[in-house]
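Asks: So the sequence shown is numbered by my numbering: it starts at 7 and just counts up by one. Below you'll find the structure I mean.
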Amino acid sequence: MQVLLAAGMTPDDHLLDIGCGSLRLGHKAVPYLKPGHYWGTDASHALMRHGRLTELPDPEALPEDHLVEDAAFAFPGIPDTITFAIAFGVFTHLPHADLATALTNLRRFPNLRSALFTVFLSDAATPTRQPDGVVTHPGRPPYHLPEAQVAQTISAAGFTPARQTTLLPRGQVLWAAT
7 MQVLLAAGMT PDDHLLDIGC GSLRLGHKAV PYLKPGHYWG TDASHALMRH
57 GRLTELPDPE ALPEDHLVED AAFAFPGIPD TITFAIAFGV FTHLPHADLA
107 TALTNLRRFP NLRSALFTVF LSDAATPTRQ PDGVVTHPGR PPYHLPEAQV
157 AQTISAAGFT PARQTTLLPR GQVLWAAT
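Here you go:
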């Protein structure tokens, strides 16, 4: 939540939480945002439903149709009102092509001011021990990517890349695509 607030999110914004799972961010964002301004996607609709019922202080504050099963990063049914998107700890577990797909598909949101996401970085073609000790790989989870490739992927999707200096768990690196 802190990275969204630091990026300028206010209660008036409309948030897309990509890979929201059991609403670890959603349980903070839903009460903060104006009613109806939070949308979540995940590969598991069951996990999102469970999070809605167990993590939210008031499950009725989040309409169930604002939780969309979407393993392809197509964002079906998500409204054009989205102003912020976040994918925290999602692309560390998925191949680079999924990041490229998600960023390309986020371009359809005309009001999007910033898309925030995390990755592990390394130029190595071999396993790499990250600053907090996790070992990442170029070809299997948890994945790492070269910094130049991340910046190029953001640019190719039509955004401006900005690596953030925020310190994150396990050595993840936060990027903003604006």
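Positions of the beta carbon are idealized from the N, C-alpha and C atoms, including for glycine.
To the nearest angstrom, report how far apart Leu-59 and Thr-166 are at their CA atoms.
Replies: Approximately 37 angstroms, taken between the alpha carbons.
Asks: Quick check on DSSP: helix, strand or coil for Pro-116?
Replies: If DSSP states are grouped into helix, strand and coil, Pro-116 belongs with coil.
Asks: Quick check on this structure: which residue in Ala-13, Met-15, Asp-23, Pro-17 has the alpha carbon closest to the alpha carbon of Gly-95?
Replies: The residue with the shortest Cα to Cα distance from Gly-95 is Asp-23.
Asks: Any idea what DSSP makes of Pro-175, helix, strand or coil?
Replies: Pro-175 falls in the helix class under three-state DSSP.
Asks: Distance check for Phe-123 and Pro-137, CA to CA, integer angstroms please.
Replies: Looking at the two C-alpha atoms, the distance is approximately 18 angstroms.
Asks: List the residues that DSSP assigns as beta-bridge partners of Ala-91.
Replies: The partner list for Ala-91 (beta bridge, DSSP) reads Leu-22, Ala-121.
Asks: Determine, using beta carbons only, whether Val-9 and Thr-184 come nearer to each other than 7 angstroms.
Replies: Cβ distance not < 7 angstroms, so Val-9 and Thr-184 don't count as in contact.
Asks: Counting pairs of beta carbons, one from the region 44 to 58 and one from the region 70 to 80, are three or more of them closer than 8 angstroms?
Replies: They touch, by the three-pair rule.
Asks: Looking only at its own chain, which residues have a Cβ that is under 7 angstroms from the Cβ of Thr-98, when we skip the five neighbours before and after it?
Replies: Hits under 7 angstroms: Thr-124, Val-125, Phe-126, Pro-148, Tyr-149, Gln-178.
Asks: Tell me the DSSP bridge mates of Val-74?
Replies: Per DSSP, Thr-47.
Asks: Short check: CB of Ile-207 to CB of Phe-115, under 7 angstroms?
Replies: An answer regarding residue 207 cannot be provided, because it is not within the stretch 7 to 184 covered by the chain.
Asks: How is Thr-134 classed by DSSP in three states: helix, strand or coil?
Replies: Strand.
Asks: Under 7 angstroms, do Leu-21 and Tyr-44 count as touching if we go by C-beta distance?
Replies: Yes; because the gap between Cβ atoms is below 7 angstroms, this pair is in contact.
Asks: Using the Cα positions of Pro-17 and Val-36, report the straight-line distance between them to the nearest angstrom.
Replies: Their backbone Cα atoms lie some 9 angstroms apart in a straight line.
Asks: How long is the line joining the alpha carbons of Gly-42 and Pro-85, rounded to whole angstroms?
Replies: Straight-line Cα distance between these residues: approximately 11 angstroms.
Asks: Opposite Tyr-149 in the DSSP bridges: which residues?
Replies: Answer by DSSP bridge pairing, in chain order: His-143.
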